[in-house]
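J.:
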Ligand code: HEM
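In our numbering, the protein residues as written are 21 to 420.
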């Protein structure tokens with residue numbers, strides 16, 4: 021019998037109180053059944069050990085169609101964009117991932133260091149004379165989107181349109197109603213990506229987009245058009261919606277913990293473990309993407325019926341005392357740190373080496389160049405973006 025009232029994920033009170041709610045769920049009902057306003061059942065998995073088990077469990081699949089679940093109906097544009105790695109299982113997933121894996125290895129990503137440093141410095145040059153900025157709009161958002169846009173070969177000037185489209189996909193709680201309202205934006209996003217693909221078919225360049233178009237043209241069942249559009253869509257969205265929150269949450273945590281911040285400023289060799297701790301302490305991706313039970317699955321004392329949605333709450337796992345002592349405190353030197361902010365198993369974040377490098381450079385540069393950075397508003401007044409998937413402030417006004 022359930023002990024707790026179902027958590028209301030759509031309530032404005034949920035996000036600001038999420039960590040307290042997760043602590044209670046971990047203690048009293050670690051696998052918790054709730055519903056979205058449209059009636060869809062979700063199971064929240066909140067303990068570290070159960071989250072690890074769920075992310076590795078082959079009975080929890082990503083391709084809802086393969087088990088007869090209807091997630092988005094038959095929205096034409098969305099169907100052109102949803103054949104990507106996060107919506108597929110092996111062997112399709114294995115084939116898709118192999119195509120891009122090589123572009124994101126730690127060695128190749130390391131080659132981007134100077135360019136990322138240049139972007140961070142340019143962005144701070146633009147605001148330095150002003151003495152204040154919105155750390156999200158002026159720094160945390162542009163940095164990762166410029167990096168992924170340049171890598172793919174997408175015009176950097178389009179970043180605000182891309183942000184609006186991407187927000188239509190991942191903002192809010194994914195109810196049927198919101199999905200229907202986002203349909204127009206998703207069609208625009210699809211047409212935009214298709215337009216660039218067609219340009220590259222005519223005139224290839226030296227970019228990842230052209231390389232992907234080339235794979236599609238080679239045929240041999242390696243990548244069809246829908247998979248190509250979906251791949252570009254996923255890289256664009258996952259490449260910036262996440263790292264923006266690592267930078268913004270990370271800076272917010274450092275501003276709230278001046279002694280830790282001072283330690284890091286005085287000893288930049290702490291940066292590697294600091295980024296891992298910031299990923300754990302306020303995880304940029306709060307919940308993993310939907311998984312679907314292929315059969316009845318027993319987990320953490322609950323039985324999840326076939327076809328139901330399972331949501332692995334990474335932000336809760338990373339604050340579980342079973343993971344590490346004093347999980348509520350920020351310790352930039354924490355070792356070991358086996359957080360699961362990048363997920364686990366076959367869908368483990370493809371961009372983790374890039375995200376880590378972006379985080380280290382972005383946070384290191386701002387600490388160095390703006391030693392007196394301070395919040396311009398009371399910490400309690402900072403609004404989090406409404407999204408089930410990601411966690412981060414909508415704006416972060418600071419002075420320096
Ligand atoms: C701090 C930044 C980031 C965080 C916290 C993060 C987190 C995650 C997580 C948790 C997953 C697994 C989701 C699931 O299993 O449901 C994932 C997958 C993925 N991420 Fe990231 N990510 C970040 C940055 C990036 C970047 C910069 C890229 C750019 C390429 C990227 C690309 C991807 C892709 C393509 C997948 C799907 C992998 C697959 O299904 O095999 N991520 N990420």
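Glycine included, every Cβ here is placed at the ideal spot set by N, Cα and C. A quick note: this is a predicted structure, and the numbers were derived from the prediction, not measured.
Could you tell me whether any non-hydrogen atom of the ligand HEM is closer than 7 Å to the CB of residue 105?
T.: Within the cutoff, so yes.
J.: Any contact between the stretch 168-184 and the stretch 211-229? By contact I mean 3 or more CB pairs, one from each, below 8 Å.
T.: At 8 Å Cβ cutoff, the stretches touch.
J.: Are residue 156 and residue 268 touching if we call contact CB-CB under 8 Å?
T.: Yes; because the gap between Cβ atoms is below 8 Å, this pair is in contact.
J.: When burial is assigned at 16 or more other CB atoms within 10 Å of the CB, is residue 100 buried or exposed?
T.: Classification for residue 100: buried.
J.: Looking at C-alpha atoms only, which residue of 86, 342 and 369 is the closest neighbour of residue 255?
T.: It is 369.
J.: Below 8 Å, how does it come out for the stretch 344-363 and the stretch 295-304: are there three or more Cβ pairs, yes or no?
T.: These segments touch.
J.: Determine the closest residue to residue 189 out of 245, 235, 261 and 141, with distance taken between C-alpha atoms.
T.: Ranking the options by Cα distance to residue 189, first place goes to 261.
J.: Could you tell me the boundaries of the beta strand (DSSP E) in which residue 52 lies?
T.: Note, residue 52: beta strand (DSSP E), 51-55.
J.: State yes or no: is the C-beta of residue 109 within less than 8 Å of the C-beta of residue 81?
T.: Yes, the pair counts as a contact, with Cβ atoms nearer than the cut-off.
J.: Once you ignore the five residues that flank residue 196 on each side, which residues in its own chain have a CB closer than 7 Å to its CB?
T.: Correct list, in chain order: 58.
J.: Assign residue 304 to buried or exposed, taking buried as 16 or more other Cβ atoms, counted over all protein chains shown, within 10 Å of its Cβ.
T.: That one is buried.
J.: What first and last residue would you give for the beta strand (DSSP E) that runs through residue 417?
T.: Residue 417 -> beta strand (DSSP E) spans 417-419.
J.: Determine the DSSP secondary structure at residue 395, reduced to helix, strand or coil.
T.: DSSP places residue 395 in strand when its eight states are reduced to three.
J.: I'd like to know whether the C-beta atoms of residue 51 and residue 379 end up nearer to each other than 8 Å.
T.: No, they are not a contact pair.
J.: Throw me the rounded Cβ distance for the residue 65 and residue 74 pair, which I believe falls under 8 Å.
T.: Right, their Cβ atoms sit about 5 Å apart.
J.: Between the alpha carbons of residue 377 and residue 319, how many angstroms are there, rounded?
T.: Each residue's Cα considered, the two are about 35 Å apart.
J.: Let me confirm a value: residue 160 is counted as buried when at least 16 other C-beta atoms fall within 10 Å, else exposed. Which label applies?
T.: Buried.
J.: Indicate, with yes or no, if the ligand HEM has a heavy atom lying under 7 Å from the CB of residue 164.
T.: Yes, the beta carbon of residue 164 sits closer than 7 Å to at least one heavy atom of the ligand HEM.
J.: For residue 199, collect the residues of the same chain with a Cβ closer than 7 Å to its Cβ; drop the 5 residues on either side in sequence, then sort them by chain order.
T.: Only 92 meet the Cβ criterion.
J.: So is residue 121 buried or exposed if we call it buried at 16+ other beta carbons inside 10 Å?
T.: Counting Cβ neighbours within 10 Å, residue 121 comes out exposed, since fewer than 16 surround it.
J.: Look at the alpha carbon of residue 152 and the alpha carbon of residue 418, and state the distance between them as a whole number of angstroms.
T.: Spanning the two alpha carbons is a distance of roughly 6 Å.
J.: Return yes when the Cβ of residue 219 is within less than 8 Å of the Cβ of residue 103, no when it is not.
T.: Against a cut-off of 8 Å, the Cβ pair of residue 219 and residue 103 comes out as no contact.
J.: Let's test the definition: count the other Cβ atoms within 10 Å of the Cβ of residue 128 and tell me whether it reaches 16, buried, or not, exposed.
T.: Exposed, by the Cβ-count rule.
J.: Count the other CB atoms within 10 Å of the CB of residue 234; is the residue buried (16 or more) or exposed (fewer)?
T.: Residue 234 comes out exposed.
J.: The alpha helix (DSSP H) that contains residue 46, what's its start and end?
T.: Residues 38-48.
J.: Just to confirm before moving on: does the CB-CB distance between residue 389 and residue 144 stay below 8 Å?
T.: Result yes, Cβ atoms of residue 389 and residue 144 sit closer than 8 Å.
J.: Below 8 Å, how does it come out for the stretch 32-46 and the stretch 332-350: are there three or more Cβ pairs, yes or no?
T.: Contact holds: three or more Cβ-Cβ distances are below 8 Å.
J.: So, under 8 Å CB-CB, residue 361 and residue 163 are touching, yes? Tell me the CB distance rounded to an integer number of Å.
T.: About 18 Å; that fails the 8 Å criterion.
J.: I need the DSSP call for residue 311, collapsed to helix, strand or coil.
T.: Here residue 311 sits in strand by DSSP.
J.: So, for residue 242: in the same chain, excluding its five sequence neighbours on each side, which residues have a beta-carbon less than 6 Å away from its beta-carbon?
T.: Contacts found: 235.
J.: Could you tell me which uninterrupted beta strand (DSSP E) segments, each at least 3 residues in length, are contained entirely in the stretch 340-410, listed from first to last along the chain?
T.: You should have found no qualifying run.
J.: Which class does residue 202 belong to by DSSP, given the choice of helix, strand or coil?
T.: Residue state, collapsed to three classes: coil.
J.: With distance defined between alpha-carbon atoms, name the residue in 300, 398, 331 and 84 nearest to residue 437.
T.: With the chain running from 21 to 420 in the structure shown, residue 437 is simply not present.
J.: For residue 389, verify whether its CB is less than 7 Å away from any heavy atom of the ligand HEM.
T.: No, since every heavy atom of the ligand HEM falls outside the 7 Å radius drawn around the Cβ of residue 389.
J.: Over the uninterrupted beta strand (DSSP E) stretch that includes residue 62, give me the two end residues.
T.: Counting along the chain, the beta strand (DSSP E) containing residue 62 begins and ends at 61-65.
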